[in-house]
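Working notes, structure below.
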Amino acid sequence: MYSDSIAIAVENVTQRYRVIQERPDTLRELFTRFFRHQAEVYEFEAVRNVSFTVSRGEMVGIIGRNGSGKSTLLKVVAGVYRPSAGKVRVAGTIAPLIELGAGFHGELTGRENILINGLILGYSKAEMIAREQKIIEFSEIGDFIDVPVKQYSSGMYMRLAFAVATEVDPDILLIDEILAVGDFAFQQKCKERLRSFRERGKTILFVTHSADDLVTLCDRAILLDQGVMMFDGPPKKALETYEALVAAQSAGAEPGSLVDTAAQR
Numbered sequence: 113m114y115s116d117s118i119a120i121a122v123e124n125v126t127q128r129y130r131v132i133q134e135r136p137d138t139l140r141e142l143f144t145r146f147f148r149h150q151a152e153v154y155e156f157e158a159v160r161n162v163s164f165t166v167s168r169g170e171m172v173g174i175i176g177r178n179g180s181g182k183s184t185l186l187k188v189v190a191g192v193y194r195p196s197a198g199k200v201r202v203a204g205t206i207a208p209l210i211e212l213g214a215g216f217h218g219e220l221t222g223r224e225n226i227l228i229n230g231l232i233l234g235y236s237k238a239e240m241i242a243r244e245q246k247i248i249e250f251s252e253i254g255d256f257i258d259v260p261v262k263q264y265s266s267g268m269y270m271r272l273a274f275a276v277a278t279e280v281d282p283d284i285l286l287i288d289e290i291l292a293v294g295d296f297a298f299q300q301k302c303k304e305r306l307r308s309f310r311e312r313g314k315t316i317l318f319v320t321h322s323a324d325d326l327v328t329l330c331d332r333a334i335l336l337d338q339g340v341m342m343f344d345g346p347p348k349k350a351l352e353t354y355e356a357l358v359a360a361q362s363a364g365a366e367p368g369s370l371v372d373t374a375a376q377r
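Read the sequence shown against our numbering and you will find it ends at 377, with the numbers running on by one and no gaps.
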């Protein structure tokens, strides 16, 4: 039984992918390997048996090396991927910022994409028109709002995506390292809005490589390594565990001993 205070519940989630080990360079090689049954396919578990909950109004950071499963986990929570095993329960509306420009149509203008994104998130045309000017002002895009977004820089994409996601006032915000894009002033502006979200009881799941953001913004931190959840607790302790794991890996420690190291912390 889930508590009403829980916004996100991840229960024994595993996400598998099928991987082709060798890719043929020519069409001839493709046919040769097909008829000889030489294609090597194996399953890769990007996330393995992960369980945690996030309470309403809580901001939880997810850290780990590149390839540790952070983005995959966020996409499972967002509903982009259906987990290979386990369950995810989300209570409330979600605004995912999980990939730069995701949900934007390159041929449409920024203004048109504001409307489409709002409709996707369940808002009416009238509601999005009423919010449009605030979104434009926050994004600081100016006249580029009427230019096709395929002409936007990565920073402009981020500004508009963040402005839309936070202006539509979701219950849950999912952020995947998007704050790393853009200039310092706009990053600070985004962080202030995140703090405002927290004060209003919103729930945030936040993938980051920034130790400072983890400590200053998050209530809790989850550490992933090779798809396994190694730690769930205070941000500073998560960083200490992360550093210990990286040091142990550099020293050539076995994977099993890394799990034991994390469990002892």
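All C-beta atoms in this analysis are idealised placements derived from N, C-alpha and C, irrespective of residue type, glycine included. Remember, it's a predicted structure, so these values are computed and weren't measured experimentally.
Worksheet item: Between which two residues does the alpha helix (DSSP H) containing Ala343 stretch?
Response: Reading the sequence shown from its first residue, position 231 is the one you call residue 343. At residue 343 the sequence reads Phe, which differs from the Ala that was named. Looking at the DSSP string, Phe343 is not in any alpha helix (DSSP H); the run it does join, the beta strand (DSSP E), is Val340 to Gly345.
Which class does Ser163 belong to by DSSP, given the choice of helix, strand or coil? As a working note, residue 163 is residue 51 in the sequence shown. Strand at Ser163.
### Query
Helix, strand or coil for Leu220 per DSSP?
Indexing the sequence shown from 1 puts residue 220 at position 108. Coil at Leu220, not helix or strand.
Does the distance from the C-beta atom of Ser183 to that of Asp288 stay below 8 Å?
-> Within the sequence shown, the letter at position 71 stands for residue 183. Within the sequence shown, the letter at position 176 stands for residue 288. Yes, they are a contact pair.
### Query
Between the C-alpha atoms of Val276 and Val159, what's the straight-line distance to the nearest angstrom?
Position 164 of the sequence shown, counted from the first residue, corresponds to residue 276. Position 47 of the sequence shown, counted from the first residue, corresponds to residue 159. Using only the alpha carbons, I get a separation of about 29 Å.
*asked:* Which of the three DSSP states is assigned to Val280 in this structure?
replied: For the purposes of this step, residue 280 is taken as the residue at position 168 of the sequence shown. Val280 sits in coil when the DSSP states are folded into three classes, being neither helix nor strand.
- Give a yes or no on contact between the stretch 180–200 and the stretch 350–366, applying the rule of three or more CB pairs nearer than 8 Å. The stretch 180–200, when compared against the stretch 350–366, does not touch it at the 8 Å Cβ threshold.
* Helix, strand or coil: which one does DSSP assign to Val259? -> Position 147 of the sequence shown, counting from 1, holds the residue named residue 259. DSSP, reduced to helix, strand and coil, places Val259 outside both helices and strands of the structure shown, so it counts as coil.
- Determine the contact status of Leu317 and Leu186, defining contact as a CB-CB distance below 8 Å. On the sequence shown, residue 317 is found 205 positions in, with the first residue counted as 1. On the sequence shown, residue 186 is found 74 positions in, with the first residue counted as 1. Here Leu317 is near Leu186, since their CB atoms are less than 8 Å apart.
Give me the Cα-Cα distance between Glu219 and Lys246, rounded to the nearest whole angstrom. Indexing the sequence shown from 1 puts residue 219 at position 107. Indexing the sequence shown from 1 puts residue 246 at position 134. The straight-line gap from Cα to Cα measures roughly 23 Å.
Q. Helix or strand or just coil, what does DSSP make of Ala197?
A. In the sequence shown, counting from the first residue as 1, residue 197 sits at position 85. Looking at Ala197 - three-state DSSP - the assignment turns out to be strand.
_Please classify Ile120 as buried or exposed, where buried requires at least 16 neighbouring CB atoms within 10 angstroms._
Here residue 120 refers to the residue found at position 8 of the sequence shown. The residue in question, Ile120, is buried, as its Cβ has 16 or more Cβ neighbours within 10 Å.
- Query: Quick one: what does DSSP say Asp337 is sitting in, helix, strand or coil?
  - Reply: For this step, residue 337 is matched to residue 225 along the sequence shown. In this structure, Asp337 counts as strand in the three-state DSSP scheme.
request  = Express the C-alpha separation of His321 and Gly345 in angstroms, rounding to a whole number.
outcome  = Translated into the one-based positions of the sequence shown, residue 345 becomes position 233. Translated into the one-based positions of the sequence shown, residue 321 becomes position 209. Distance between the alpha carbons of Gly345 and His321 is about 17 Å.
*Any beta-carbon of chain B closer than 8 Å to the one on Arg201?*
In the structure shown, chain B does not exist; there is a single protein chain.
Sorted by chain position, which residues of the same chain lie with C-beta nearer than 6 Å to Asp283's C-beta, five sequence neighbours on each side aside?
Within the sequence shown, the letter at position 171 stands for residue 283. Closer than 6 Å at Cβ, skipping near neighbours: Gly204 and Thr205.
Could you please give the first and the last residue of the uninterrupted alpha helix (DSSP H) stretch that includes Thr328? Along the sequence shown, one-based indexing puts residue 328 at 216. For Thr328, the uninterrupted alpha helix (DSSP H) run begins and ends at Ala323 to Leu329, by DSSP.
- Message: Tell me the rounded alpha-carbon separation between Gln127 and Asp255.
- Response: The residue labelled residue 127 in the question sits at position 15 within the sequence shown. The residue labelled residue 255 in the question sits at position 143 within the sequence shown. Distance between the alpha carbons of Gln127 and Asp255: 42 Å.
**Prompt:** Of the residues Lys303, Leu286 and Arg312, which one's Cα is nearest the Cα of Val202?
**Reply:** Position 90 of the sequence shown, counted from the start, is the residue given in the question as residue 202. Nearest option by C-alpha distance: Leu286.
Just list the residues that DSSP pairs Met270 with in beta bridges. The residue you call residue 270 lines up with position 158 of the sequence shown. The beta-bridge partner set that DSSP reports for Met270 is empty.
| request: Quick one: using the 10 Å Cβ neighbour count with 16 as the cut-off for buried, is Leu231 buried or exposed? | output: Numbered from 1 along the sequence shown, position 119 holds the residue referred to as residue 231. Burial call: exposed.
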